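I have placed the structure first, in the form of structure tokens, so that the comments after it can refer back to it.
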Amino acid sequence: MNWLKNNLDRVLYILTLFLFAFIPLYPKFPLLNISGTYVAVRLEDLLIGLTLALWIWYLIINKNFSFFTKDNIGRSFILFFAIGCLSLFSGIFLTHSVVPHLGLLHLFRRIEFMLLLPVIATVFTTRKRFMTALMVLVMTLAAVNIFALGQKYLDWPVISTTNSEFAKGLPLKLTPGARVNSTFAGHYDLAVFLDMALILLTTLIFAFRKLIKPMFLILGVVSTLVLVMTAARVSFIAAFVGLIAALILSKKKKYLLLLVIIAMAIAVYPSQLRDRFISTVTINLLDLGQRYEGRNLNQQLENKLNIPTLYYRISSRSATGASFASPTAGIPIDIAPGEPINVTDLGVYRSFEIRLNIEWPRAVNAFLKNPFLGTGYASLGIATDNDFLRSLGEVGILGTTAFILVLLSIWKTIYKGIKSDEKIIRFFSAGSLSIIIVFLINSVFIDVFEASKVAALLWMILGLNIGLIRNK
Amino acid sequence: MNKIFKTFAVILLIYMLWPGSKGISDFKPLPDSAKSTLSGDTVQIPNVSAYFSYQFRNFVIPFYYKNFQEASHFPFPPLKLNHPPEYSWTVIKKPTDTTYLEEFIYPLRDSLYINGFENHHPDGSKVFYGSPELREDGKLWYTKTTLRLYTSNILVRILVWFGIVFSFIYISKLGRSILKE
């Protein structure tokens, strides 16, 4: 015990360094299931919990709580967590919209991810430690890319959490047309991770010696390729905007034209990403494309019921007969009348419709029920697919404002790094700020601040940056 | 600014402490209806009641909307939210037959959910194949309306009010400090 006490700083360093690799690389195998949800406690949660416990012990030993008492970042964290607790209390006892143990689980998840920022900022206090963390991140990125390519071309296993059955941790294989997710359990999470990686590679390429540049370039090209393979439209746009921001903040505007040309080439080159972009315009925006009209009169009438899965039966069809399309017609078997016939169009159509008609109105209703505090964590189910609406729905104006203060205080601290004389601080800070922008853009269509792996990595990278700036 | 905030805090407190509906018995039965005696519609779940009737959504919703405002003693009407029918399994009971679900709410206070099951057209024909018969009191009905009221403890409301007021004050202080930084 004494040894641990004397070497706490070093133990924390090794543990957090390990987390930089373990969080992105360890597939989402469930460790402990929670009733009422398919979000499970995983091994990484235990490791993060252990890290946080050791860090708190470290603070107690050093009697240093200035992060929470004097630092605006720490104070905004406390405010955000306190409003989260109040919102949860109101969700349980006032609006009756939260199942208590699920609300607590979601509150703890946010605390768990966000506290990684001060942990990393406390531990990574030397240049050597910072460089080691970067090295680990680069190697991790290479491994993530290799695993994604292995899934696509060598049938390597896929662990997914995109539905309750997959979330049991079963090793799957990518079916034709399915999108890679590497070790991230969801293609969107992988895409956001690659967004972060591409931005850091772009800014850091200017900070390092010529010897390292080709390695970063190769890694950047492979990461872009895998990003295209995820076919995540919003993440592609976020990467593009994030890279523009990164070049502007790094004062490397002369590369902007090159970036635009590369992005255009990727958008035009035949791929699932391009097809989905086209479908977004034709199906979601222009409402074009051939629609399924129903196999028979029964099915057409069923579609007019407010619950179209109910049977209508006006004449000869068996009550137990399938109401779905015939698989031999080349039409998706579960298609309903009014939906696009083309498989890509159908995916894009449903992806938007579920947001527009189910998830977003649910969040708006929650916000209206309690505009100040929302209806509490976990009251909107697993996803809203828009983090702004989710935040307003779950923690209301007060919680959302507190979260904006968290981001604002971090932004102001890191922005100072952009003016630093030291190259590495300057470029890493430009990258970190652009990552915040990337997260905000992704938030329009994904709950990216709640996506465990990428959310944890965001706070860790920001912590790394703050540690670097404060200990230069 | 200080005065405006104080006024807001006092008005919010009055609004939150205003006496509201006490229980499901505050709500009238639908005209020409039979109260359900089925399991789950009586005493098993607090503040639930259900009525079989010939009344459809266009009558039921305005009827209880007015009733809820009267029971809440407010001079202004409640907010009306339309929910997906399947949400009734969460807020009414599991299982609940449903074709629509609406909620009337005074934010930060009480809410009343109205779940409707309309499996017959007004002419008595069935809406979909296999519609169950709605039978109560020896009669065949066209619709079933289930109400569930959610109330809140006054102490909870006071605590939430304190929390909201202090959050506003602290956000304002911290926000200014961050912007000055």
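Chains B and E, in that order, are what the protein sequence lines are. For the first sequence, the UniProt record's numbering assigns the number 1 to the initial residue and increments by one for each residue that follows. For the second sequence, the UniProt record's numbering assigns the number 1 to the initial residue and increments by one for each residue that follows. Even glycine gets a Cβ: it sits at the ideal position worked out from N, Cα and C. What you are looking at is a predicted structure, and each value in this text was computed from that prediction instead of being measured.
**Prompt:** Applying a beta-carbon distance threshold of less than 8 Å, which residues of chain B neighbour residue 182 (chain E)?
**Reply:** Any answer about residue 182 (chain E) is impossible in this case: the structure gives chain E only from 1 up to 181.
**Request:** For my contact list, Gly74 (chain B) and Phe67 (chain B) are in at a C-beta cut-off of 8 Å; report their separation, rounded to the angstrom.
**Result:** 4 Å
**Item:** Where Lys412 (chain B) meets chain E, residues with beta-carbon distance less than 7 Å
**Value:** Ile178 and Glu181
**Request:** Please specify which runs of the alpha helix (DSSP H), each continuous and at least 4 residues long, are wholly inside the segment 333-360 of chain B, giving them in chain order.
**Result:** 343-354
**Message:** Am I right that Leu102 (chain B) and Thr37 (chain B) are in contact with their C-beta atoms under 8 Å? What's the rounded C-beta distance?
**Reply:** 6 Å
**Prompt:** For the beta strand (DSSP E) that Ile114 (chain E) lies in, which residues bound it at each end?
**Reply:** Ser111 to Glu118
**Asked** Quick one: which chain A residues come within Cβ less than 9 Å of Leu108 (chain E)?
**Response** Any reference to chain A falls outside this structure, whose protein chains are B and E.
**Asked** From B:Asn33, B:Trp57 and B:Leu46, pick the residue whose C-alpha is nearest to that of Asn2 (chain B); which is it?
**Response** B:Trp57
**Cβ neighbours of Val136 (chain B) in the same chain (closer than 8 Å, five flanking residues each side left out)** = Leu17, Phe20 and Ala21
**Item:** As assigned by DSSP and simplified to three states, the class of Leu373 (chain B)
**Value:** coil
**Coil, strand or helix - Glu136 (chain E) by DSSP** = strand
**Asked** The beta strand (DSSP E) with Ile105 (chain E) in it runs from where to where?
**Response** Tyr100 to Ile105
**Prompt:** Below 8 Å between beta carbons: does that hold for Ile83 (chain B) and Ala402 (chain B)?
**Reply:** yes
**Asked** If contact means a Cβ-Cβ distance below 8 Å, which residues of the segment 144-175 of chain E contact chain B?
**Response** Tyr150, Ser152, Asn153, Val156, Arg157, Leu159, Val160, Gly163, Ile164, Ser167, Phe168, Tyr170, Ile171, Leu174 and Gly175
**Prompt:** Candidates B:Asn33, B:Ile23, B:Ile218 and B:Tyr255: which alpha carbon is nearest Thr140 (chain B)'s?
**Reply:** B:Ile23
**Message:** Just to check my reading of the structure: Ile436 (chain B) and Leu398 (chain B) have Cβ atoms closer than 8 Å, yes? What is that Cβ distance to the nearest angstrom?
**Reply:** So it is not a contact: roughly 21 Å between Cβ atoms.
**Reference Leu117 (chain B), options B:Thr51, B:Lys369 and B:Phe277, closest by Cα** = B:Thr51
**Request:** Keeping to the same chain, check which residues put their C-beta closer than 8 Å to that of Phe68 (chain E); ignore five residues upstream and five downstream.
**Result:** Ser21, Phe27, Pro78, Phe104 and Leu112
**Request:** Within the same chain, show all residues whose beta-carbon is closer than 8 Å to that of Phe29 (chain B), passing over the 5 residues directly before and after it, in chain order.
**Result:** Arg42, Leu43, Ile159 and Gly169
**Request:** Could you check what DSSP says for Phe166 (chain B) in three-state terms: helix, strand or coil?
**Result:** helix
**Message:** I need the straight-line Cα distance from residue 480 (chain B) to Val11 (chain B), nearest angstrom please.
**Reply:** A question about residue 480 (chain B) goes unanswered here, because the residues of chain B that appear run from 1 up to 472.
**Prompt:** Do three or more CB pairs link the segment 459-471 of chain B to the segment 231-250 of chain B at distances below 8 Å?
**Reply:** no
**Prompt:** Counting contacts by CB-CB distance shorter than 8 Å, is Thr400 (chain B) in contact with chain E?
**Reply:** no
**Straight-line Cα distance separating Asp345 (chain B) from Val454 (chain B)** = 28 Å
**Prompt:** CA-CA distance, Phe74 (chain E) and Met16 (chain E)?
**Reply:** 11 Å
**Asked** Can you tell me whether Gly70 (chain E) is buried or exposed, with buried defined as 16 or more other CB within 10 angstroms of its CB?
**Response** For clarity, residue 70 (chain E) is Glu in the given sequence; the question names Gly instead. Flag for Glu70 (chain E) reads exposed.
**Message:** Give me, in chain order, the residues of the same chain whose beta-carbon lies closer than 8 Å to that of Lys180 (chain E); leave out the 5 immediate sequence neighbours on both sides.
**Reply:** none
**Prompt:** Residues in its own chain within less than 7 Å of Phe93 (chain B) by CB, not counting five upstream and five downstream?
**Reply:** none
**Request:** Using a threshold of 8 Å, state whether the C-beta atoms of Tyr54 (chain E) and Lys35 (chain E) are closer than that.
**Result:** no
**Prompt:** So is Lys213 (chain B) buried or exposed if we call it buried at 16+ other beta carbons inside 10 Å?
**Reply:** exposed
**Request:** May I ask you to report which of helix, strand or coil DSSP gives Thr230 (chain B)?
**Result:** helix
**Asked** Got a sec: is the Cβ-Cβ distance from Arg75 (chain B) to anything in chain E below 8 Å?
**Response** yes
**Prompt:** Quick one, are the C-beta atoms of Asp110 (chain E) and Ser152 (chain E) less than 8 Å apart?
**Reply:** yes
**Request:** Report yes or no: do the segment 266-284 of chain B and the segment 227-236 of chain B share at least 3 C-beta pairs separated by less than 8 Å?
**Result:** yes
**Asked** Taking all protein chains shown into account, do 16 or more other C-beta atoms lie within 10 angstroms of the C-beta of Leu194 (chain B), making it buried, or fewer, making it exposed?
**Response** buried
**Request:** Measure the alpha-carbon distance for Asp31 (chain B) versus Thr161 (chain B) and round it to whole angstroms.
**Result:** Here residue 31 (chain B) is Leu; the residue named in the question, Asp, does not match the sequence. When rounded, the distance between both Cα atoms is 13 Å.
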